[in-house]
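Enquirer: 517 is the number that the working numbering gives to position 195 of the sequence shown; each next residue is one higher, with no gaps. Note that beta-carbon positions come from the ideal geometry of N, C-alpha and C, so glycine has one too.
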Amino acid sequence: MLLDAAAALVVIGVFWLPSIAGAPAPWLIVVGVAAAVVAGAAMQTRRRHPRLSAAAAAAATIVAGVLEVTQDPMLAAAWCLYPVALARGDRSRALVVGLVIATAAAMTIGMPVAGPDDTVQRLVIAAAALSVAWLAGVAVGRQIDAAVAVERAQARERAARLQLDVARDVHDVVGHALGVIGAEAGVIRALPDADERELRDALTDIEGHARNALEEMQVLVGSLRTDPAVAAPSAGAAATGGGLGRLPALIDATRSAGVDVASRIAVPPSVDEATGMVATRIVQEALGNVVRHAPGAACTVELGQDGDVLVVRVRDDGPGMPNLAAGGFGLTGMRERARLVGGTVEWRNRPGRGFEVEARLPSAGAR
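1. Between which two residues does the alpha helix (DSSP H) holding Asp326 run?
2. Since Val601 and Leu572 should fall inside the 8 Å C-beta cutoff, what is the C-beta to C-beta distance between them, to a whole number of angstroms?
3. Do you know how far the Cα of Ala477 is from the Cα of Ala608?
4. Exposed or buried, what is Leu653 when buried is set at 16 or more other beta-carbons lying within 10 Å of its beta-carbon?
5. Is Asp467 buried or exposed, if buried means 16 or more other CB atoms sit within 10 Å of its CB?
6. What would DSSP say about Val388, mapped onto helix, strand or coil?
7. If you follow the beta strand (DSSP E) that Phe677 is part of, which residue opens it and which one closes it?
8. Since Leu566 and Val589 should fall inside the 8 Å C-beta cutoff, what is the C-beta to C-beta distance between them, to a whole number of angstroms?
9. Pull the bridge partners of Ile587 from the DSSP assignment, please.
10. Looking at the structure shown, is Thr367 part of a helix, part of a strand, or coil, going by DSSP?
11. I need the DSSP call for Asp523, collapsed to helix, strand or coil.
12. With a threshold of 8 Å, are at least 3 pairs of Cβ atoms found where one atom belongs to the stretch 617 to 637 and the other to the stretch 452 to 469?
13. Can you give me the C-alpha to C-alpha distance between Gly354 and Ala361, rounded to a whole angstrom?
14. Could you tell me how far apart the beta carbons of Thr392 and Ala386 are, in whole angstroms, since I believe they sit closer than 8 Å?
15. Exposed or buried, which one is Trp349 when buried takes at least 16 other CB atoms within 10 Å?
16. With DSSP as the reference, label Arg672 as helix, strand or coil.
17. Could you tell me if Pro340 is buried or exposed, where buried requires 16 or more neighbouring beta carbons within 10 angstroms of its beta carbon?
18. Below 6 Å CB to CB, which residues in the same chain sit around Arg682 once its five sequence neighbours on both sides are set aside?
19. Is Val470 helix, strand or coil when you go by DSSP?
20. Use the C-beta contact count for Ser375: other C-beta atoms within 10 angstroms, 16 or more gives buried, fewer gives exposed.
21. What are the boundary residues of the alpha helix (DSSP H) that includes Leu638?
22. Using DSSP bridges, identify the partner residues of Ala620.
23. Are the beta-carbon atoms of Val336 and Met365 separated by less than 8 Å?
24. When DSSP labels each residue in this structure, what does Val359 get in the three-state scheme?
25. Could you say which of Val663, Ala379, Thr367 lies nearest to Leu325 if we only look at CA atoms?
26. For Gly344, collect the residues of the same chain with a Cβ closer than 8 Å to its Cβ; drop the 5 residues on either side in sequence, then sort them by chain order.
27. Going by the CB atoms, is the gap between Gly459 and Leu389 shorter than 8 Å?
28. Using the C-alpha atoms, what's the distance from Arg522 back to Pro684?
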């Protein structure tokens, strides 16, 4: 607002007041003052009413120019034209052309007084002022539009990443828990002479798995209340506390579902939290697949270091996977998680019988 007021004072003081003061008739002074007030007011309201302000400033300048009570080469109108071009871009081109034509017509009417040379000079200056204001507004407007488009694209990308991360976590948490619960229920049903204590213990295990899954889901849902713009990738996994410390519990839960699990786990001290969470989720999904697709199979979980890389392997002696290329949500989620920390995941059918998942995850220092 201060800049607009200062510009109005300069334009009115330099180009309007001297001509008004030299007007030969009182009525010309009145008209000149009124036109100057309109032009000055338009320059100060250009941000709130850009098109109306540009039209008012141009009309006041043209009328005053015909009556020779201003020497303004359309600077007031150009000042008001800038926000129009800023907001409307190329769509405001017609307004610029119209203003130039109207200015030329008005100056042609006043040519007998001003003379042809002075008229042409003023017309060139007016056209230049209007063109510069329009070009500047269009250029800045395009920059703003491009910045807004980039910001919106980044927001959509962040939302998509968050949605994908949540989908992976929901699949891992719910899928693993339901798989284990279903397998344990099947084990109970297969026990013909189970006594009350065995049934109670089995039901207690099922209750514990269900409660743990519910707690993880509650934490995950709570994490969705954070701003997606600042949520880091794999924020859902972090919120549900999926670190390497949970591996023993995951293995025990899989054993209680009737799977014979052997483990050889050596956690290197250099593994950072993000890599540990990804490794745990990969083991969780791999064990869940054994429970769902190879019930009664035996499997081995191996975790160790190979140079700067954390290697995770889960093998089973089940029937294997008929269509390796198809994969599934769980296997695809493993690969996506590994990519978050710069790692890879491969899966294959073992020679003879069985299925194997292998993940190679670089430590923080190797990334």
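Expert: In brief:
1. Here residue 326 refers to the residue found at position 4 when the sequence shown is read from its first residue. Here the alpha helix (DSSP H) through Asp326 covers 324 to 333.
2. Stepping through the sequence shown from its first residue, residue 601 is reached at position 279. Stepping through the sequence shown from its first residue, residue 572 is reached at position 250. Strictly speaking, residue 601 in this sequence is Ala, with Val absent from that position. Wrong, their Cβ atoms sit about 11 Å apart, outside the cutoff.
3. Position 286 of the sequence shown holds residue 608. Position 155 of the sequence shown holds residue 477. Computed Cα separation, rounded: 32 Å.
4. Walking along the sequence shown from the start, residue 653 turns up at place 331. Label assigned to Leu653: buried.
5. Position 145 of the sequence shown, counting from 1, holds the residue named residue 467. The residue is exposed, with fewer than 16 neighbouring Cβ atoms inside 10 Å.
6. Translated into positions along the sequence shown, residue 388 becomes position 66. Residue state, collapsed to three classes: helix.
7. Your numbering for residue 677 matches position 355 in the sequence shown. Residues 677 to 684.
8. Along the sequence shown, read from residue 1 onward, the residue named residue 566 stands at position 244. Along the sequence shown, read from residue 1 onward, the residue named residue 589 stands at position 267. Going by Cβ atoms, the distance from Leu566 to Val589 rounds to 5 Å, so yes, they are a contact pair.
9. Within the sequence shown, residue 587 is the residue found at index 265, counting from 1. In the DSSP output, where bridge partners are listed per residue, Ile587 has Leu625.
10. Translated into positions along the sequence shown, residue 367 becomes position 45. Coil, per DSSP.
11. Locating residue 523 in the sequence shown gives position 201, where the first residue counts as 1. Asp523: helix per DSSP, three-state reduction.
12. They do not touch, by the three-pair rule.
13. In the sequence shown, residue 354 corresponds to position 32, counting from 1. In the sequence shown, residue 361 corresponds to position 39, counting from 1. Spanning the alpha carbons of Gly354 and Ala361 requires a straight line of approximately 10 Å.
14. The residue given as residue 392 occupies position 70 in the sequence shown. The residue given as residue 386 occupies position 64 in the sequence shown. With a Cβ gap of about 4 Å, Thr392 and Ala386 count as contacting.
15. If you number the sequence shown from 1, residue 349 lands on position 27. Its Cβ having fewer than 16 others within 10 Å, Trp349 is exposed.
16. The sequence position of residue 672 within the sequence shown is 350, counting from 1. Coil, per DSSP.
17. The sequence position of residue 340 within the sequence shown is 18, counting from 1. Exposed is the label assigned to Pro340, since fewer than 16 other Cβ atoms lie within 10 Å of its Cβ.
18. Translated into positions along the sequence shown, residue 682 becomes position 360. For Arg682, where only same-chain residues beyond five positions count, the Cβ hits under 6 Å are Val631, Val633, Gly665, Thr666.
19. Within the sequence shown, the letter at position 148 stands for residue 470. Three-state DSSP puts Val470 in a helix.
20. Position 53 of the sequence shown, counted from the first residue, corresponds to residue 375. Answer is buried; the Cβ neighbour count reaches 16.
21. As a position in the sequence shown, residue 638 is number 316, starting the count at 1. Looking at the sequence provided, one finds Asp at residue 638 rather than Leu. The continuous stretches of alpha helix (DSSP H) do not include Asp638, which lies in the beta strand (DSSP E) extending over residues 631 to 638.
22. Your numbering for residue 620 matches position 298 in the sequence shown. Asp582, per the DSSP bridge assignment.
23. Taking the sequence shown and counting its residues from 1, one reaches residue 336 at position 14. Taking the sequence shown and counting its residues from 1, one reaches residue 365 at position 43. Going by C-beta atoms, Val336 is not nearer than 8 Å to Met365.
24. By 1-based counting over the sequence shown, the position of residue 359 is 37. Val359 falls in the helix class under three-state DSSP.
25. Within the sequence shown, numbered from 1, the residue matching residue 325 stands at position 3. Taking each of Val663, Ala379, Thr367 in turn and checking the Cα distance to Leu325, the smallest one comes out for Thr367.
26. As a position in the sequence shown, residue 344 is number 22, starting the count at 1. Apart from the 5 residues on each side of it in sequence, Gly344 has no Cβ closer than 8 Å to any other Cβ in its chain.
27. Against the sequence shown, residue 389 aligns to sequence position 67. Against the sequence shown, residue 459 aligns to sequence position 137. For Leu389 and Gly459, no; Cβs fall outside 8 Å.
28. Taking the first residue of the sequence shown as position 1, residue 684 is located at position 362. Taking the first residue of the sequence shown as position 1, residue 522 is located at position 200. For Pro684 and Arg522, the distance between alpha carbons rounds to 44 Å.
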